[in-house]
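Asks:
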Amino acid sequence: MAREFPDLARKRARQMRTEATDPEAIFWSHVRNRLLNGHKFRRQAPIGPYIVDFLCAEKKLIVELDGFQHAQDGRDANRDRYLSSLGYRIVRFWNQEIYADVDQALVHVVEVLEDRA
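Following this line, the structure appears as structure tokens:
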């Protein structure tokens, strides 16, 4: 029973990787294969019962890309509390920010990565 959540999360994460949104695909194209200052990112990574959009495990940094539905979703607060309690730092961008200026988002991510040295 204890493995049920991780197994389900892992299976769901695998499925979500094949169904990336356009902003996720754009962001991933800039961070995959250690393209962002040599930092390794995973996409749709399970952590406990949750799946995060992008994870740099080495720096315990989570990057979330949110659409309009998240503006009205109180579940993010509980999820963020749980992930923060494990020592993760969460950075969020609206999908529109990725479309408009992905480079600025990447600059911010690099700043956070450097702060977590």
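So for the sequence shown, numbering that gives the first Met the number 0 puts the first residue at 0; every next one is plus one. All C-beta atoms in this analysis are idealised placements derived from N, C-alpha and C, irrespective of residue type, glycine included.
(1) DSSP on A116, reduced to helix/strand/coil?
(2) Taking just the CA atoms, how far does Q95 sit from E63?
(3) Quick one: is A104 buried, meaning 16 or more other Cβ sit within 10 Å of its Cβ, or exposed?
(4) So what does W93 bridge to, in DSSP terms?
(5) With distance defined between alpha-carbon atoms, name the residue in L60, R74, H107 nearest to R115.
(6) Here's a check: name, in chain order, each residue in its chain whose Cβ is nearer than 8 Å to the Cβ of A1, leaving out the five neighbours to either side.
Replies: The answer reads as follows:
(1) In the sequence shown, the residue the question calls residue 116 occupies position 117. Three-state DSSP puts A116 in coil, outside helix and strand.
(2) Looking up residue 63 in the sequence shown gives position 64. Looking up residue 95 in the sequence shown gives position 96. If I take the Cα positions, the gap works out to 13 Å.
(3) Start at 1 with the first residue of the sequence shown, and residue 104 comes out as number 105. Flag for A104 reads buried.
(4) Working through the sequence shown from its first residue, we reach residue 93 at position 94. According to DSSP, which records beta bridges pairwise, W93 is partnered with D65.
(5) In the sequence shown, residue 115 corresponds to position 116, counting from 1. Checked all of L60, R74, H107; the closest Cα to R115 is L60.
(6) To locate residue 1, count along the sequence shown from 1; it is residue 2. Reliability fails at A1, whose pLDDT of 44 lies under 50, so the model's placement of it is uncertain and no value is given.
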